[in-house]
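Student:
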Amino acid sequence: MCENVREQVFALSPDGLDSPRIECRREGGGECLRSIPASPDEIEAVARRFEVLGEPVRLELLSVLHEAGEQTVGEIVDATGYRQPNVSKHLSAMAEEDLLVRRRDGVHVYYALDDPTLGALCLLVSRRLRAEAET
444 MCENVREQVF ALSPDGLDSP RIECRREGGG ECLRSIPASP DEIEAVARRF
494 EVLGEPVRLE LLSVLHEAGE QTVGEIVDAT GYRQPNVSKH LSAMAEEDLL
544 VRRRDGVHVY YALDDPTLGA LCLLVSRRLR AEAET
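Heads up, the final residue of the sequence shown is numbered 578 in this note's numbering, and it's a clean run with no missing numbers.
(1) Should the segment 518-530 be regarded as contacting the segment 557-569, the criterion being three or more beta carbon pairs within less than 8 Å?
(2) Compute the Euclidean distance between the alpha carbons of V552 and T578, then round it to the nearest angstrom.
(3) Could you please give the first and the last residue of the uninterrupted alpha helix (DSSP H) stretch that includes R491?
(4) Do you know offhand how far D503's Cα is from V489's?
(5) Measure the Cβ-Cβ separation of A555 and E510 and say whether it is below 7 Å.
(6) Our contact map puts V495 next to L542 with C-beta atoms below 8 Å; I'd like the distance itself, whole angstroms only.
(7) State buried or exposed for I519, treating a residue as buried only when at least 16 other CB atoms are found within 10 Å of its CB.
(8) Going by alpha carbons, who is nearest to H533 out of D548, A522, G549 and V516?
(9) Under a three-way DSSP split, which group does V520 fall into?
(10) Starting from R501, trace the beta strand (DSSP E) both ways and give me its first and last residue.
(11) Throw me the rounded Cβ distance for the V550 and Y525 pair, which I believe falls under 8 Å.
(12) Ends of the alpha helix (DSSP H) at V568?
(13) What is the residue span of the beta strand (DSSP E) that V550 lies within?
If you want it as structure tokens, here you go:
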């Protein structure tokens, strides 16, 4: 861990092809860059996150939420064509890992992205796959 860290920011290169970094902004000014993940606890947390994201259905649900913003389960079902129990199961798994937030309003349950890095992560991987396909 960097000393005197004020904040850490997830950073991608403009083309998304370089390795992601955590930019550590120090109290006295200046920055340092380090590869991620760094500690065993961070490695474990990243592995759990990728495990949850390892389902294609979940990535599609994230895409819907990224594009449309907060949605009810029914709206997500309509957008994807998946059955409601399947959608609810996947949304719950992602909410339990703090990837999504949910709120209830009467009979409706709304979901929204809770992790701002998800869109950047998916974009990074997509760009890399496109670049590899072009070579």
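All C-beta atoms in this analysis are idealised placements derived from N, C-alpha and C, irrespective of residue type, glycine included. Given the structure is predicted, the values throughout are model-derived calculations rather than measurements.
Tutor: A quick look at the data gives this:
(1) No, the segment 518-530 does not touch the segment 557-569.
(2) Walking along the sequence shown from the start, residue 552 turns up at place 109. Walking along the sequence shown from the start, residue 578 turns up at place 135. Rounded to whole angstroms, V552 to T578 spans 44 Å at the Cα level.
(3) Translated into positions along the sequence shown, residue 491 becomes position 48. Under the DSSP assignment, R491 falls in the alpha helix (DSSP H) whose first and last residues are P483 to L496.
(4) Translated into positions along the sequence shown, residue 503 becomes position 60. Translated into positions along the sequence shown, residue 489 becomes position 46. Residue identity check: residue 503 is Glu in the sequence provided, not Asp. For E503 and V489, the distance between alpha carbons rounds to 20 Å.
(5) As a first step, residue 555 is located in the sequence shown; it is residue number 112 there, counting from the start. As a first step, residue 510 is located in the sequence shown; it is residue number 67 there, counting from the start. Their beta carbons are not under 7 Å apart, which means A555 does not touch E510 by this criterion.
(6) On the sequence shown, position 52 is the one that residue 495 refers to. On the sequence shown, position 99 is the one that residue 542 refers to. Between V495 and L542, the beta carbon gap of about 7 Å places them in contact (Cβ cut-off 8 Å).
(7) One-based indexing of the sequence shown puts residue 519 at position 76. With 16 or more Cβ atoms within 10 Å of its Cβ, I519 is classed as buried.
(8) Residue 533 sits at position 90 when you count from the first residue of the sequence shown. Here the closest residue by C-alpha is V516.
(9) Position 77 of the sequence shown holds residue 520. When secondary structure is reduced to three states using DSSP, V520 falls in the helix class.
(10) Here residue 501 refers to the residue found at position 58 when the sequence shown is read from its first residue. Taken as a continuous stretch (DSSP letters only), R501 belongs to no beta strand (DSSP E), being part of the alpha helix (DSSP H) at P499 to A511.
(11) As a position in the sequence shown, residue 550 is number 107, starting the count at 1. As a position in the sequence shown, residue 525 is number 82, starting the count at 1. Their Cβ separation, rounded to whole angstroms, is 20 Å, which puts V550 and Y525 out of contact at 8 Å.
(12) Sequence index remark: in the sequence shown, residue 568 carries index 125 (1-based). Run containing V568: T560 to E577, per the alpha helix (DSSP H) assignment.
(13) Mapped onto the sequence shown, residue 550 falls at position 107. Membership of V550 in any beta strand (DSSP E) is not indicated, and neither H nor E is assigned to it by DSSP.
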